[in-house]
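Protein chains: 2
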Amino acid sequence: MPHIPDAEIITIGDELLYGQVIDTNSAFMGQELGKLGIRVRQITSVSDRADEIVQALDAARTRAQVVLITGGLGPTKDDLTKNILTEYFHTELVLNEASLRDVESIFARFNRPMMEVNRQQAYLPASCTPVRNVVGTAPGMWFEDQGVVFVSMPGVPFEMKRMMTDTVLPRLKRHFQTPPIEHIVVQTVGLGESFLAEKIAAWEDALPANMRLAYLPYLGGVRLRLTGSDDGQPDLRGRMEARMPELRALLGDFIFAEGEVPLEAAVGQLLTERGLTLGTAESCTGGYVAHKLTSVAGSSRYFLGSIISYHNDIKVKELGVSTESLAAHGAVSEEVVRQMAEGARQRLGVDVAIATSGIAGPDGGSEEKPVGTFWLAYADEHQTVARKITFNRGRQLNIEYATTSVLNLLRQSLPQR
Amino acid sequence: MPHIPDAEIITIGDELLYGQVIDTNSAFMGQELGKLGIRVRQITSVSDRADEIVQALDAARTRAQVVLITGGLGPTKDDLTKNILTEYFHTELVLNEASLRDVESIFARFNRPMMEVNRQQAYLPASCTPVRNVVGTAPGMWFEDQGVVFVSMPGVPFEMKRMMTDTVLPRLKRHFQTPPIEHIVVQTVGLGESFLAEKIAAWEDALPANMRLAYLPYLGGVRLRLTGSDDGQPDLRGRMEARMPELRALLGDFIFAEGEVPLEAAVGQLLTERGLTLGTAESCTGGYVAHKLTSVAGSSRYFLGSIISYHNDIKVKELGVSTESLAAHGAVSEEVVRQMAEGARQRLGVDVAIATSGIAGPDGGSEEKPVGTFWLAYADEHQTVARKITFNRGRQLNIEYATTSVLNLLRQSLPQR
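Shown next as structure tokens:
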């Protein structure tokens, strides 16, 4: 009989509590558990201290049947998790030959000498089932204790991810055969959370009890996630889908994609469909637009290149911006950003170019053009479009917001097929 | 009498448990509390459900005297924190005139109509002291209850940060006058955690009981943080500093900075000191090197621009790479990456240029040049240096690792003053 367990995640490490490291592992684990229909009840980050780790384990097992633990498995002296678990489960460390071979092969592959601290990593609690680590030196450990599954994994994200995907998730799936929950994600850009909420309030109010809508704001837009849970009736997915046309009609062009598709990938999809090539000319965004575009695998099919003209000389020499325009209007101006987009189109030999010129801050602002003033432009063979935005929440966020905005300008300006 | 409280952080939102959003707030709060000498005992992420939030509050107050809460204060229906806290502290919602004026001024500033849901945000629990939000519509709330301070803040990072800095931290400081803990951070690059640990094992073993060393690995290197806690003896900082020369001698050129200085800022500092300008020519990194460099405020003093030559035509046309070299060796080769760096130096008119050409994946690899093969180059007026690295942990990490590596190549190759 299928049984839906609750899960908890415990991440271990002083560095998390001191804020020296951001916990990205929990998000990955939460996403993957969700796909199996396993709900994460709580995420707990604790220090490297034994008593606090034990308290967290004791608390988690009262609420959940799966406890995933990351961190504290490294070879160094502040990594105590393995010893704590050995004591917690009243067992002892024994050499695991298979794990030793894995550790040895890691060192052989990188052609580096193996240290004694690494050999120690192949000693594992006798009562656990080892979880192979094929990309690092710390094996994972799977324990079952009084009906609760505990899995300890390294805190290094790519090691944990590989271990989850290869071993832990398939094994959890066998253990707990659960009905899935369903998610439908709609990506919007250009509308704040409150405005969105007001627009779709009636639609949201009409949702049945087993469907919930979550607003997931990001810089420049909101992802909407409709989650449906099993109510014993057939075709949960179909009943969720049936509610979508009304939502789509309410939001119109603010929707740029459905599913987990970032804006840069949605734009890439449009360019591919229309057979167009793209380049960028960037001043204030300093390469971030190109980076976002090239973060999409396969982007070389439509993205050809960029000219990052941080200095005005490069705007003139490499993009053909006129020195008169720079002198008359300054680099952050409609005239200059238009010339940048048009110049990039010519110089890079692309069908479509986008350009940014603005003041990311914290310095460089003036009364007329304060920090957070950005000019964006789009150019194709038929038209050049410029747009001014103002946004000031600190240098990094300003760069990100300008990037999202120029990608949205591109999306809205591309010629129809 | 000074009293050192422990703190806990509770972050609220289904999106955290589903992994749709990464919790970056806790790291910021942990860092800032640490500077006040307040230790974070636990970070707990819970869902939007009232009973689970109440359980987390009940548990946190048994362990800590400060409980910072973020999330669930938005204007939408899944944001329940304010109502839950109102009930938890047996109080009622009343209109707060000052908060209403703040909300109104936010809408006035952005020249947008205010919605009824936003007006509701100015209703606050009668027993709390409001915490002003000058950059968003949800006020924070400060409660004191049976010796424990609870502060509820929005989950939007820049709103929370502003509120912490302007109001919450100064107020906590007045409340709990605590002796500081001291941190010394040493930034290293190019050496893995195990090798580093082995190199400094004797030094680490000799640390007194009130000093602890933490290894904080990042992609391409490790940050070391020495933390000293008050032991009743004078000059804690001085006694920590006295241990540093030996560590510095052990690690030598692997250390690129001390303090919270990222590699791109350390490189910028070197360029500034030596009066040199920089440009980049990027293929596989697609603008990420330029982005990292320009993420540093004031980088326009030394960074002039880049040519992102994703397509080979742009390598030829804009960087002067020879078509013969491309045909004979391919784009990912020592010959081509050297020409890219030299070409960028010429075309961008910079003193120093760095270049990348590699296969970020997931496609494009071959037997001879598998995914994760990267050629990096550095060029100045006296020399061109090329380096090959191999690293394959997925597209994004490959791009990041290549970026760190080429910045390190730059650091190591720059002419001495």
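From first to last, the protein sequence lines stand for chains L and H.
Heads up: the first sequence begins at 1 in the UniProt record's numbering, then just goes up one per residue.
Heads up: the second sequence begins at 1 in the UniProt record's numbering, then just goes up one per residue.
Backbone N, C-alpha and C fix where the C-beta goes; we use that ideal spot for every residue, glycine too.
Cα-Cα separation, H:Val-332 to L:Gly-136:
Position 332 of the second sequence, counted from the first residue, corresponds to residue 332 of chain H. Position 136 of the first sequence, counted from the first residue, corresponds to residue 136 of chain L. Rounded to the nearest angstrom, the two C-alpha atoms are 28 Å apart.
Mind checking which residues open and close the alpha helix (DSSP H) that includes H:Phe-256?
Your numbering for residue 256 of chain H matches position 256 in the second sequence. Taken as a continuous stretch (DSSP letters only), H:Phe-256 belongs to no alpha helix (DSSP H), being part of the beta strand (DSSP E) at 255-258.
Which chain L residues are close to H:Gly-298, counting only those with a beta carbon under 8 Å from its beta carbon?
The residue labelled residue 298 of chain H in the question sits at position 298 within the second sequence. Going along chain L in sequence order, the residues near H:Gly-298 (Cβ under 8 Å) are Asp-363.
Would a check of beta-carbon distances place H:Asn-111 closer than 8 Å to chain L?
Residue numbering aside, residue 111 of chain H sits at position 111 when the second sequence is read from its first letter. Taking 8 Å as the threshold, the shortest C-beta distance from H:Asn-111 to chain L does not fall below it.
Under 8 Å by Cβ, that's how I've got L:Ser-306 and H:Ile-12 pegged, so tell me the actual separation to the nearest angstrom.
The residue given as residue 306 of chain L occupies position 306 in the first sequence. The residue given as residue 12 of chain H occupies position 12 in the second sequence. So it is not a contact: roughly 40 Å between Cβ atoms.
Out of L:Lys-161, L:Gly-74, L:Phe-89 and L:Gln-65, which has the shortest C-alpha to C-alpha gap to L:Gln-31?
One-based indexing of the first sequence puts residue 31 of chain L at position 31. Comparing Cα-Cα distances from L:Gln-31 to each of L:Lys-161, L:Gly-74, L:Phe-89 and L:Gln-65, the minimum goes to L:Lys-161.
Can you look up L:Thr-129 in the DSSP assignment and give me helix, strand or coil?
One-based indexing of the first sequence puts residue 129 of chain L at position 129. L:Thr-129 falls in the strand class under three-state DSSP.
List, in order along the chain, the chain L residues whose C-beta lies closer than 9 Å to that of H:Gln-396?
Against the second sequence, residue 396 of chain H aligns to sequence position 396. Those are Ser-295, listed as they occur along chain L.
So the candidates are L:Gly-140, L:Val-185, L:Gln-146 and L:Glu-182; which of them puts its Cα closest to the Cα of L:Asp-166?
Position 166 of the first sequence holds residue 166 of chain L. Of L:Gly-140, L:Val-185, L:Gln-146 and L:Glu-182, the smallest CA-CA separation from L:Asp-166 is found for L:Gly-140.
Residues of the region 11-29 of chain L with Cβ closer than 9 Å to any Cβ of chain H, in chain order
The residues in question are Thr-11, Gly-13, Asp-14, Glu-15, Leu-16, Leu-17, Tyr-18, Gly-19, Gln-20, Val-21, Ile-22, Asp-23, Thr-24, Ser-26, Ala-27, Phe-28 and Met-29.
Within chain H, partners of L:Phe-158 - CB distance below 8 Å
Locating residue 158 of chain L in the first sequence gives position 158, counting from the first residue. Ordered by position in chain H, the residues that pass the 8 Å Cβ test against L:Phe-158 are Arg-393, Gly-394 and Leu-397.
Outcome for L:Ala-206 when other beta-carbon atoms lying within 10 angstroms are tallied against a minimum of 16
For the purposes of this step, residue 206 of chain L is identified with residue 206 of the first sequence, where counting begins at 1. When all chains shown are included, L:Ala-206 counts as exposed.
Have a look at the DSSP bridge pairing and note the partners of H:Trp-203.
The residue you call residue 203 of chain H lines up with position 203 of the second sequence. In the DSSP assignment, no residue is bridged to H:Trp-203.
DSSP three-state call for L:Met-1: helix, strand or coil?
The residue given as residue 1 of chain L occupies position 1 in the first sequence. Model confidence at L:Met-1 stands at a pLDDT of 43, short of 50, so the residue's coordinates are unreliable; what they give is reported in the following sentence. The answer is coil: DSSP assigns L:Met-1 none of H, G, I, E or B.
Is L:Ile-354 close to chain H, meaning its C-beta is less than 8 Å from at least one C-beta of that chain?
Start at 1 with the first residue of the first sequence, and residue 354 of chain L comes out as number 354. No, L:Ile-354 lies away from the interface with chain H (no Cβ there is under 8 Å from its Cβ).
For H:Leu-196 and H:Leu-397, believed in contact at Cβ under 8 Å, the rounded distance:
Translated into the one-based positions of the second sequence, residue 397 of chain H becomes position 397. Translated into the one-based positions of the second sequence, residue 196 of chain H becomes position 196. At roughly 20 Å, the Cβ-Cβ gap does not stay under 8 Å, so H:Leu-397 and H:Leu-196 are not in contact.
Which same chain residues, not among the five before or five after L:Val-385, have their C-beta less than 6 Å away from its C-beta?
Your numbering for residue 385 of chain L matches position 385 in the first sequence. So the list reads Tyr-378 and Ser-413, once near-sequence residues are dropped.
Going by C-alpha distance, which of H:Asp-102, H:Gln-346 and H:Val-185 is nearest L:Tyr-18?
On the first sequence, residue 18 of chain L is found 18 positions in, with the first residue counted as 1. Among H:Asp-102, H:Gln-346 and H:Val-185, the Cα nearest to that of L:Tyr-18 is on H:Val-185.
Extract the residue ranges of the alpha helix (DSSP H) inside the region 327-366 of chain L, only unbroken runs of 4 or more that lie entirely within it.
334-348
List, in order along the chain, the chain L residues whose C-beta lies closer than 9 Å to that of H:Phe-254?
Position 254 of the second sequence, counting from 1, holds the residue named residue 254 of chain H. Around H:Phe-254, no beta-carbon contact reaches into chain L at under 9 Å, the shortest distance being about 15 Å.
Return the chain-ordered ranges of every beta strand (DSSP E) run that is complete within the region 10-69 of chain H and spans a minimum of 3 residues.
39-46, all fully within the region 10-69 of chain H.
Going by CA-CA distance only, name the one from L:Pro-245, L:Glu-182, L:Phe-254 and L:Ser-194 that's closest to L:Ala-225.
Sequence index remark: in the first sequence, residue 225 of chain L carries index 225 (1-based). This sequence places Arg at residue 225 of chain L; Ala is not what is there. When only C-alpha atoms are compared, the closest one is L:Glu-182.
Give a yes or no on whether 8 Å exceeds the smallest Cβ distance from L:Asn-118 to chain H.
Position 118 of the first sequence holds residue 118 of chain L. Output row for L:Asn-118: interface = yes.
For the region 44-62 of chain L against the region 94-113 of chain L, are there 3 or more C-beta pairs whose distance is under 8 Å?
no
Identify whether L:Leu-85 lies in helix, strand or coil by the three-state DSSP scheme.
Locating residue 85 of chain L in the first sequence gives position 85, where the first residue counts as 1. Helix at L:Leu-85.
Taking a cut of 9 Å between CB atoms, which residues from the region 300-322 of chain L lie near chain H?
Ser-300, Phe-303, Leu-304, Gly-305, Ser-306, Ile-307, Ile-308, Ser-309, Tyr-310, His-311, Asp-313, Ile-314, Lys-315, Lys-317 and Glu-318
Using a Cβ cut-off of 8 Å (strictly closer), state whether H:Ile-359 contacts chain L.
Residue 359 of chain H sits at position 359 when you count from the first residue of the second sequence. So no, H:Ile-359 is outside the interface.
Taking beta-carbon pairs under 9 Å, can you tell me which members of the region 134-152 of chain H lie near chain L?
Val-135 and Thr-137
Beta strand (DSSP E) runs wholly inside the region 107-151 of chain H, at least 3 long, in chain order:
123-125, 129-131 and 140-145
At which residues does the beta strand (DSSP E) containing L:Tyr-215 begin and terminate?
Along the first sequence, read from residue 1 onward, the residue named residue 215 of chain L stands at position 215. In the DSSP annotation of this structure, the continuous segment of the beta strand (DSSP E) that includes L:Tyr-215 starts and ends at 211-218.
Any idea which residues DSSP pairs L:His-183 with across the strands?
Here residue 183 of chain L refers to the residue found at position 183 when the first sequence is read from its first residue. DSSP, once it has assigned bridges, lists L:Thr-227 as partnering L:His-183.
Does the beta carbon of L:Glu-400 sit closer than 8 Å to a beta carbon anywhere in chain H?
Along the first sequence, one-based indexing puts residue 400 of chain L at 400. With 8 Å as the cut-off, L:Glu-400 does not count as an interface residue toward chain H.
Shortest alpha-carbon distance to L:Thr-91 belongs to which of L:Glu-367, L:Thr-129 and L:Glu-159?
As a first step, residue 91 of chain L is located in the first sequence; it is residue number 91 there, counting from the start. Nearest C-alpha to L:Thr-91: L:Thr-129.
For the putative contact between L:Asn-25 and L:Thr-70, defined by C-beta atoms under 8 Å, what is the C-beta separation to the nearest angstrom?
Reading the first sequence from its first residue, position 25 is the one you call residue 25 of chain L. Reading the first sequence from its first residue, position 70 is the one you call residue 70 of chain L. Their Cβ separation, rounded to whole angstroms, is 5 Å, which keeps L:Asn-25 and L:Thr-70 in contact under 8 Å.
Near-chain L residues of the region 41-75 of chain H - C-beta to any C-beta below 8 Å
Using a CB distance below 8 Å, the part of the region 41-75 of chain H facing chain L consists of Arg-41, Gln-42, Ile-43, Thr-44, Ser-45, Val-46, Ser-47, Glu-52, Ala-56, Ala-59, Gly-74 and Pro-75, ordered along the chain.
Can you give me the C-alpha to C-alpha distance between H:Ala-328 and H:Glu-334, rounded to a whole angstrom?
Residue 328 of chain H sits at position 328 when you count from the first residue of the second sequence. Residue 334 of chain H sits at position 334 when you count from the first residue of the second sequence. Between H:Ala-328 and H:Glu-334, the C-alpha separation is close to 12 Å.
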